[in-house]
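To start, the structure itself, in structure tokens.
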Amino acid sequence: MARDRWHVIEEEGALVLARRLPARFDLAAETVLTGQVGRRRLAHLVRQDMWRALRHLRGFAPVVRVARIPGGLHLRAGGAVAGRFARADAEARIAALLADPGRRARWTGGGR
40 MARDRWHVIE EEGALVLARR LPARFDLAAE TVLTGQVGRR RLAHLVRQDM WRALRHLRGF
100 APVVRVARIP GGLHLRAGGA VAGRFARADA EARIAALLAD PGRRARWTGG GR
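Quick note, the sequence shown lines up with residues 40 to 151 if you use my numbering.
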């Protein structure tokens, strides 16, 4: 697999973007977003920002799951980690990322 390849899978009505298969959530945070944005585009944008926030986490492989729900999108972001890590700190970073109003606007097209 080339370095820029990501697995995009439709699973139980949701789109899952993962670096490695099987996609695994050793850590995760969730949110609901409103707006009419494509699931694949949203997953890649969140993955990029999550990677920037957690690039220091050795062995981290991002996973993003996006599912349509009434009124918006349910997003679960996190991933797999090879080895020991501070779960609470890493999940707090992801939760802060998902709650950031500027990023949310950029992801959903509200910041144009």
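By construction, the Cβ of each residue, glycine as well, lies at the ideal position given by its N, Cα and C atoms.
Under the Cβ criterion (8 Å, minimum of three pairs), the segment 93 to 103 counts as touching the segment 113 to 124. Here residue 102 is actually not in contact with residue 129; their C-beta atoms are around 13 Å apart, not less than 8 Å. Taking the Cβ atoms as the reference, residue 116 lies roughly 10 Å from residue 93, outside the contact range of under 8 Å. In summary, residue 68 is buried, with 16 or more beta-carbon neighbours lying within 10 Å of its beta-carbon over all protein chains present. Exposure of residue 60 is indicated by the presence of fewer than 16 other C-beta atoms within 10 angstroms of its C-beta. Just so you know, the alpha carbons of residue 46 and residue 62 end up roughly 9 Å apart. Collapsing the DSSP output to three states places residue 102 in a strand.
Ranked by Cα distance from residue 71, the options 105, 133, 132 and 149 are led by 105. Within the DSSP secondary-structure output, residue 107 pairs in a beta bridge with 112.
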